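In my numbering, the protein residues as written are 213 to 659. Even glycine gets a Cβ: it sits at the ideal position worked out from N, Cα and C. Computed from a predicted structure; not experimentally measured.
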Ligand code: G
Ligand code: G
Ligand code: MN
């Protein structure tokens, strides 16, 4: 005998499964898309809200996937009371949730609702009897205002959420057309970078670092440029970091810089150091140090000729790995400089336990404190750095006046347009052995 009610139940269950997420029991992406499609077909107005959990990956990695699953379930539970006839809450996949609000396109109304969601989650959730706190990043797009195309709306919400992710997470923003332009430019830059990696499209410029007591060039900072595109370095470096391309590009920089050291060595120039910039995203390049060691070994050059410039941000990521990385660099004979000093969370405390050789005072600090009344501050900074047995370079020095003050305050090295902009290697060769102080004096006298 066939039990027809049982079959009916099974059919309903299968249908339910097709439209729901097994973990959270929320409607799934498929179900959401159908509902949104209906709303668009009926010419309704409304909003699509997309959010995800900040740093969910590290929650998963540190607390385990089971915990991650529990968190997703708890969030679903917490959001269920907000579900109404007009509000559909769905799981999009992974740690992403989608909310469909129908019946209004009023920005402040939608914004209020989005804030309500954030409040509902910010109080934390209970997992195994323990409060768990987390942040979310949220993108919102309205229909038909922003688009009445299903996929476009999802893309809009995603673009807006992505924007929040990039600007520090834990926030919400409405989609805006400009964001598409920004995304397009980013994609364009990304393609240019990929092309440059394949087709030898990068070059390094070198900026001299001058010993303030003598005027002698002691080394150079290598600064990356695109050969064929006028995109600003901070812009394309940012994209390289976001896309992970910085790892490959960073290796190119090392190869090129060591090649240049070798070329100068073979031309009989006196050995001078080259500093390369190291981005926090390059920490994931676990072969970085071995690669660099190998390059110097093959070139038969002293590792001390390479100085790696790190920034404070790398120290905030202060896990065991960062310290191992820095210690390994140091142990291998490379020098380490702390770049952009004074711009971030600069703590002198760091300087006592990370193996840096040198601190680079940021241009903004120099500009601020080298004005007439303020130079005491710089002098104290320099004294403090010296008392930690570290060297100090002042960056972004453009005037003779600032240079004099720094020299008077015993700042070891000066880097800036006063002496030279970053220039091509063959330009460097013309001034390699020059006394930069004499050179500036002469050029000023002849003006
Ligand atoms: O010259 P300037 O405009 O080059 O540099 C802009 C920014 O780009 C600076 O913060 C500088 O540290 C960074 N930068 C320049 N070259 C490199 C590089 O080779 N690698 C990394 N990671 N950053 C670089
Ligand atoms: O982040 P980092 O310190 O690596 O970047 C150094 C940046 O400072 C580069 O963009 C370089 O071109 C720029 N720079 C170097 N000297 C000067 C200067 O005298 N004035 C200005 N405005 N920028 C400088
Ligand atoms: Mn630098």
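Burial state of residue i (16 or more Cβ within 10 Å)
i	result
residue 294	exposed
residue 578	buried
residue 567	exposed
residue 353	buried
residue 351	buried
residue 473	buried
residue 338	exposed
residue 447	exposed
residue 433	buried
residue 592	exposed
Residue i, enclosing alpha helix (DSSP H) - first and last residue
i	result
residue 539	532-543
residue 437	That residue, residue 437, is in no alpha helix (DSSP H); its beta strand (DSSP E) goes 429-438.
residue 477	458-478
residue 589	587-599
residue 489	Taken as a continuous stretch (DSSP letters only), residue 489 belongs to no alpha helix (DSSP H), being part of the beta strand (DSSP E) at 485-489.
residue 615	612-620
residue 516	Element bounds for residue 516: n/a, residue is neither H nor E.
Residue i, enclosing beta strand (DSSP E) - first and last residue
i	result
residue 265	258-265
residue 342	342-344
residue 355	348-355
residue 418	414-423
residue 570	570-573
residue 679	Because the chain spans 213 through 659 in this model, residue 679 falls outside it and cannot be assessed.
residue 314	308-314
residue 304	299-305
Of the residues the options, the one placed nearest residue i, counting alpha carbons only
i	options	result
residue 677	519, 343, 644, 654	Past the boundaries of the shown model lies residue 677; the chain is included only from 213 to 659, so the question cannot be answered.
residue 633	564, 657, 252, 422	422
residue 254	415, 485, 361, 561	361
residue 628	642, 649, 638, 455	649
residue 429	531, 645, 394	645
residue 231	246, 220, 454, 219	246
residue 516	535, 542, 533, 445	542
Per-residue DSSP class, three states only, for residue i
i	result
residue 503	helix
residue 644	coil
residue 445	helix
residue 552	strand
residue 359	coil
residue 546	coil
residue 239	strand
residue 631	coil
residue 577	helix
residue 636	coil
Residue-level contact to chain D via CB, residue i, 8 Å cutoff
i	result
residue 525	In the structure shown, chain D cannot be found, because there is only a single protein chain.
Three or more beta-carbon pairs under 8 Å between the region 522-537 and the region 479-497, yes or no? yes
Touch check for the region 364-372 and the region 255-272: three-plus C-beta pairs under 8 Å? yes
Three or more C-beta pairs below 8 Å linking the region 235-243 and the region 324-335: In short, these stretches do not touch, since the Cβ pair count stays below three.
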